[in-house]
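Trainee:
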Amino acid sequence: MSDRQPLPTLSVLTTVYNPLPAHLDECLVSVRSATTDIEHIVVDDASTDPDVHRRLDRVGPHVRLVRRAANGGICAATADALAAATNEWLVFLDHDDVLADGALDELAAFIAQHPHAAAVYTDHDMIRPDGQRVEPVYKPDFSPERLRHTNYITHLLAVRGDIAIAVGGIRPGFDGAQDHDLLLRIAARGLPIEHLAKVLYHWRQSPASVATDAAAKPYAYWSGQRAVADHLASLGIAAEIDSADYAGVYRVRRHTERTPLVSVVIPTDGHRARVWGTTRTLAVEAIRSIATSGTYQHLEFVVLADPDTPPEAIAMLRRVDDRVRVIESTAGGVHASIGDLVLLLADDTELIAPDSIAVMVALLSDAPNPADAAYGAVGAVGAKLLAEDGTICNAGYVVAGQPVAVCAGWPGDHPGPQRVLAIARECSAVSVAALMTTRALLDEVIDLPAATPTSIQLCSAIRAAGRRILYTPDASWYQFGLAARPPNEHNTTPTDPYYNPNLTPGRGDWLELPNRSGAPPRYD
Amino acid sequence: MEAEVERLRRLVGPSELSYRELGDDLAAASAKIRDLEHEIGRLRGERQEIDVQLFRARQDQQRYQTWLSRARRAEILPRRVLGKIRGALTRR
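Protein chains in written order, with the numbering used here: chain B, 20 to 543; chain F, 10 to 101.
#1: Given that a residue counts as buried once 16 or more other Cβ atoms are within 10 Å of its Cβ, and exposed if not, what is Q498/B?
#2: Taking 6 Å as the limit between beta carbons, can you name the residues of its chain near H317/B, skipping five residues before and five after?
#3: E46/F: buried (16+ other C-beta within 10 angstroms of its C-beta) or exposed?
#4: Do the region 248-263 of chain B and the region 332-339 of chain B touch if we need at least three Cβ pairs shorter than 8 Å?
#5: Taking its Cβ as the centre, do 16 or more other Cβ atoms sit within 10 Å of R273/B, making it buried, or is it exposed?
#6: Let me see if you follow: with CB-CB separation under 8 Å, is G428/B close to chain F or not?
#7: So if DSSP puts D261/B in a beta bridge, which residue, or which two residues, is it bridged to?
#8: What residues of chain B sit near R79/F, judged by a beta carbon separation below 9 Å?
#9: May I have the straight-line CA-CA distance separating Y238/B from Y269/B, to the nearest angstrom?
#10: I'd like to know whether the C-beta of A257/B is nearer than 8 Å to at least one C-beta of chain F.
#11: Would you call the region 279-296 of chain B in contact with the region 359-376 of chain B, where contact means no fewer than 3 C-beta pairs closer than 8 Å?
#12: Can you round the beta-carbon distance between Q437/B and W496/B to whole angstroms, since I take them to be within the 8 Å contact cut?
#13: Can you check which of these residues, D144/B, D181/B, K236/B, I182/B, is closest to R223/B by C-alpha distance?
#14: What does the alpha-carbon distance come out to for the pair R86/B and G79/B?
#15: Could you round the C-beta distance between S162/B and E445/B to whole angstroms and report it? I think they count as a contact, below 8 Å.
#16: Taking G187/B as the reference, give the member of I309/B, R337/B, H250/B, V82/B with the closest Cα.
#17: Within the 8 Å Cβ cut-off, does R51/F reach chain B?
#18: Which residues of the region 34-48 of chain F have a Cβ closer than 7 Å to any Cβ of chain B? Give them in chain order.
#19: Check the Cβ-Cβ distances between A142/B and every residue of chain F, and say whether any is below 8 Å.
#20: Just to confirm, are G192/B and Y394/B a CB contact at a threshold of 8 Å?
#21: Which chain F residues are close to E407/B, counting only those with a beta carbon under 7 Å from its beta carbon?
#22: Restricting to Cα atoms, I'd like to know which of H59/B, Y490/B, L26/B, T105/B is closest to I184/B.
#23: Closer than 7 Å by beta-carbon distance: list the chain B residues that pair up with R16/F, in chain order.
#24: Just curious, the alpha helix (DSSP H) that L460/B is in, first and last residue?
#25: CA-CA distance, R16/F and A453/B?
#26: Who are the neighbours of E58/F on chain B, taking C-beta pairs under 9 Å?
#27: Once you ignore the five residues that flank Q421/B on each side, which residues in its own chain have a CB closer than 6 Å to its CB?
#28: What residue range is occupied by the uninterrupted beta strand (DSSP E) comprising H214/B?
#29: Spell out the partners DSSP gives F161/B in its beta bridges.
#30: Is the beta carbon of I442/B closer than 8 Å to that of T173/B?
#31: Between the Cα of L175/B and the Cα atoms of E164/B, I189/B, G313/B, V156/B, which residue gives the shortest distance?
#32: What are the residues of the region 235-251 of chain B that lie near chain F, defined by any Cβ-Cβ distance shorter than 9 Å?
#33: Taking any Cβ of chain F, which residues in the region 284-296 of chain B have a Cβ under 7 Å from it, in chain order?
#34: Could you check where the alpha helix (DSSP H) with H72/B kicks off and where it finishes?
#35: In whole angstroms, what separates the C-alpha of Q70/F from that of P533/B?
#36: Give the straight-line distance between the Cα atoms of P468/B and T456/B, rounded to the nearest whole angstrom.
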């Protein structure tokens with residue numbers, strides 16, 4: 020018992036601007052139930068609704084009310100709240116949202132168990148206009164690249180007060196994305212961000228809320244875009260940030276001056292198969308698609324030909340491009356390649372996005388920075404693989420339980436649950452059918468002559484070396500005729516940090532386990 | 010030499026042209042097949058997504074039914090107790 024950490028003190032920060040009084044009431048009541056040491060800082064950002072004034076006049080002694088003389092927007096109001104806070108941790112609560120029963124007590128206990136944490140976030144669900152709680156959002160553990168593409172964290176967020184101040188507090192001009200901006204500045208310093216996998220926050224879907232319509236506050240996404248650009252610039256990563264096809268999702272295109280030699284390593288047995296009605300030698304077309312439509316040209320193709328490969332196939336492979344070297348042995352062939360980067364490519368593939376290789380190279384070329392030092396540099400990048408019919412073949416694996424490809428069989432242009440198919444993000448494993456890594460890492464983590472590793476084996480070894488593995492939808496190939504569930508893939512861990520323990524293991528579709536959110540079932 | 014190439018090309022000309030046209034036809038047919046495959050894939054993908062929604066709905070329904078049967082049991086219990094008390098009182 021003596022080793023039990025003392026509970027931290029919490030300051031709940033709520034900025035108020037004309038919410039429905041009933042919603043404000045629910046919000047205030049949800050904080051009052053906490054038994055841990057808290058203060059509730061409520062900043063009224065010059066609300067004009069007299070009912071809101073009347074409600075705020077009746078707040079209890081645990082609430083410290085700050086009234087702003089003029090409306091200054093959410094950044095200014097939150098900055099005032101932060102300045103008024105006196106406790107160790109800051110907890111952000113919007114004026115119409117509700118904390119789950121016991122949320123602050125659980126949060127305090129979790130923080131006490133993770134004394135090194137700079138920030139903590141939890142899962143959340145939504146409150147529909149009719150009051151029903153729906154759509155639990157189960158998040159992965161901290162995923163820095165994902166945070167650059169979307170604020171997947173949102174609510175409930177708690178940040179250590181001294182750290183919030185040290186990174187610059189709430190910056191003006193980031194209205195609507197002030198929390199995303201704060202998180203990105205914490206992440207830029209490589210500080211630990213922990214995840215409590217439990218729904219402790221109920222986010223109200225009001226008509227003007229981002230929870231209802233992600234396009235309701237376009238300024239929030241412009242702010243978010245600037246926050247991501249600032250974050251990347253602070254890390255020395257040159258990139259262009261656009262809004263993607265989905266509200267709240269950013270497209271980060273890194274620029275790199277580096278054009279290292281990439282060895283495209285293709286094991287093959289010279290197999291011929293029918294694809295879209297015509298018969299092709301698979302490896303030949305895999306190479307031809309890169310050579311003719313790919314934008315990255317500093318390549319060598321190393322074909323590892325199985326002893327059973329027909330001589331005519333080998334002759335065709337030698338003719339297809341003058342950068343092709345055919346090695347008539349699959350064992351140890353990777354070591355015959357000379358590139359600084361190695362793209363492991365299945366022979367039954369065809370390039371889709373012309374700049375796929377350039378995108379992967381850029382993701383592996385970030386300059387050393389504090390975030391990578393703390394969270395691990397990128398060790399491997401996997402592409403989006405589409406089957407012959409254009410459906411998802413592989414977009415990374417979920418390795419909780421039996422490894423399974425994420426959203427296999429879903430439409431190729433589907434954003435996926437929580438937009439997982441549409442954003443670059445960390446995952447536990449990607450497919451070796453199109454995986455780029457560095458030669459140094461391959462030499463470090465794996466004894467390649469001994470065996471051809473499976474996706475899970477290779478990715479586990481890379482992660483064990485402290486590196487992150489990224490999936491990117493901006494690099495894409497067709498992969499013909501392979502099962503979504505990889506054969507001979509064995510899992511050694513029951514959980515996947517980039518999935519969630521509240522989601523069904525052995526599935527890649529983010530299906531919630533029953534009875535996890537506390538939300539009543541939906542009957543729409 | 011060039012004249013000889015020209016003479017030979019004239020000889021095989023129609024065949025060469027036909028070969029090219031056949032190649033173009035093949036490429037167009039292949040593109041058409043790809044488009045059709047993608048259309049089937051889109052439908053297949055939507056079905057796959059609906060399967061997940063159906064699974065989720067069934068899971069929710071099962072949960073609702075469990076909750077409902079518990080609520081019914083909870084509702085019946087006081088009635089039974091009350092009935093027993095009433096019966097005992099009547100017997101007296």
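Note that the Cβ used here is the ideal one computed from N, Cα and C, for glycine as well.
Mentor: By the coordinates alone:
#1: Start at 1 with the first residue of the first sequence, and residue 498/B comes out as number 479. By the 10 Å Cβ count, Q498/B comes out buried.
#2: Residue numbering aside, residue 317/B sits at position 298 when the first sequence is read from its first letter. Hits under 6 Å: T278, L280.
#3: In the second sequence, residue 46/F corresponds to position 37, counting from 1. With 16 or more other Cβ atoms inside 10 Å of its own Cβ, E46/F counts as buried.
#4: The region 248-263 of chain B vs the region 332-339 of chain B: no contact.
#5: The residue given as residue 273/B occupies position 254 in the first sequence. Classified as buried, R273/B has 16 or more neighbouring CB atoms from the shown chains inside 10 Å of its CB.
#6: One-based indexing of the first sequence puts residue 428/B at position 409. It does; some Cβ of chain F falls within 8 Å.
#7: Looking up residue 261/B in the first sequence gives position 242. D261/B is bridged by DSSP to R270/B.
#8: As a working note, residue 79/F is residue 70 in the second sequence. Near R79/F there are no residues of chain B at all, since even the closest Cβ is about 13 Å away, more than 9 Å.
#9: Against the first sequence, residue 238/B aligns to sequence position 219. Against the first sequence, residue 269/B aligns to sequence position 250. The alpha-carbon atoms of Y238/B and Y269/B are separated by roughly 14 Å.
#10: Residue 257/B sits at position 238 when you count from the first residue of the first sequence. No - not a single Cβ of chain F is within 8 Å of the one on A257/B.
#11: Enough Cβ pairs lie closer than 8 Å, so yes.
#12: Position 418 of the first sequence, counted from the first residue, corresponds to residue 437/B. Position 477 of the first sequence, counted from the first residue, corresponds to residue 496/B. Actually they do not touch by this definition, with Cβ atoms about 24 Å apart.
#13: For the purposes of this step, residue 223/B is taken as residue 204 along the first sequence, with counting starting at 1. Comparing Cα positions, the closest option is D144/B.
#14: Here residue 86/B corresponds to residue number 67 of the first sequence, with the count starting at 1. Here residue 79/B corresponds to residue number 60 of the first sequence, with the count starting at 1. Straight-line measurement puts the Cα of G79/B at about 16 Å from the Cα of R86/B.
#15: The residue you call residue 162/B lines up with position 143 of the first sequence. The residue you call residue 445/B lines up with position 426 of the first sequence. About 5 Å separates the two Cβ atoms, so the contact holds.
#16: For the purposes of this step, residue 187/B is identified with residue 168 of the first sequence, where counting begins at 1. The option with the nearest alpha carbon to G187/B is H250/B.
#17: One-based indexing of the second sequence puts residue 51/F at position 42. So yes, R51/F belongs to the interface.
#18: Taking 7 Å as the Cβ-Cβ cut-off against chain B, the residues of the region 34-48 of chain F that qualify are L35, A38, S39, I42, R43, E46, H47.
#19: Counting from 1 along the first sequence, the entry for residue 142/B is found at position 123. The amino acid at residue 142/B is misidentified as Ala; the sequence shows Asp. Closer than 8 Å: no.
#20: Here residue 192/B corresponds to residue number 173 of the first sequence, with the count starting at 1. Here residue 394/B corresponds to residue number 375 of the first sequence, with the count starting at 1. Going by C-beta atoms, G192/B is not nearer than 8 Å to Y394/B.
#21: Translated into positions along the first sequence, residue 407/B becomes position 388. Listed by position along chain F, the residues whose Cβ is nearer than 7 Å to that of E407/B are E46.
#22: Here residue 184/B is taken as the residue at index 165 of the first sequence, counted from 1. Answer by Cα proximity: T105/B.
#23: If you number the second sequence from 1, residue 16/F lands on position 7. Those do not exist, as R16/F stays about 29 Å from chain B at its closest Cβ, beyond 7 Å.
#24: Position 441 of the first sequence, counted from the start, is the residue given in the question as residue 460/B. 458-464 is the span of the alpha helix (DSSP H), which, as asked, contains L460/B.
#25: In the second sequence, residue 16/F corresponds to position 7, counting from 1. In the first sequence, residue 453/B corresponds to position 434, counting from 1. Straight-line Cα distance between these residues: approximately 49 Å.
#26: Residue mapping note: residue 58/F aligns to position 49 of the second sequence, counting from 1. Those within 9 Å of E58/F in chain B are C426, G428, W429, P430, H433, D528.
#27: Walking along the first sequence from the start, residue 421/B turns up at place 402. Once the five neighbours on either side are set aside, the close Cβ partners of Q421/B are G525.
#28: Position 195 of the first sequence, counting from 1, holds the residue named residue 214/B. For H214/B, the enclosing beta strand (DSSP E) begins and ends at 212-223.
#29: Position 142 of the first sequence, counting from 1, holds the residue named residue 161/B. According to DSSP, F161/B bridges with nothing at all.
#30: Reading the first sequence from its first residue, position 154 is the one you call residue 173/B. Reading the first sequence from its first residue, position 423 is the one you call residue 442/B. For T173/B and I442/B, no; Cβs fall outside 8 Å.
#31: For the purposes of this step, residue 175/B is taken as residue 156 along the first sequence, with counting starting at 1. Minimum Cα distance to L175/B is reached at V156/B.
#32: Within the region 235-251 of chain B, no residue places its CB atom closer than 9 Å to a CB of chain F.
#33: Within the region 284-296 of chain B, contact with chain F at the beta-carbon level (separation under 7 Å) is assigned to W295, G296.
#34: If you number the first sequence from 1, residue 72/B lands on position 53. H72/B: member of the alpha helix (DSSP H) spanning 69-76, first to last residue.
#35: Against the second sequence, residue 70/F aligns to sequence position 61. Against the first sequence, residue 533/B aligns to sequence position 514. When rounded, the separation of the alpha-carbon atoms in Q70/F and P533/B is 10 Å.
#36: Against the first sequence, residue 468/B aligns to sequence position 449. Against the first sequence, residue 456/B aligns to sequence position 437. With a pLDDT of 47 at P468/B, under the threshold of 50, the modelled position of this residue cannot be trusted, and the question is left open.
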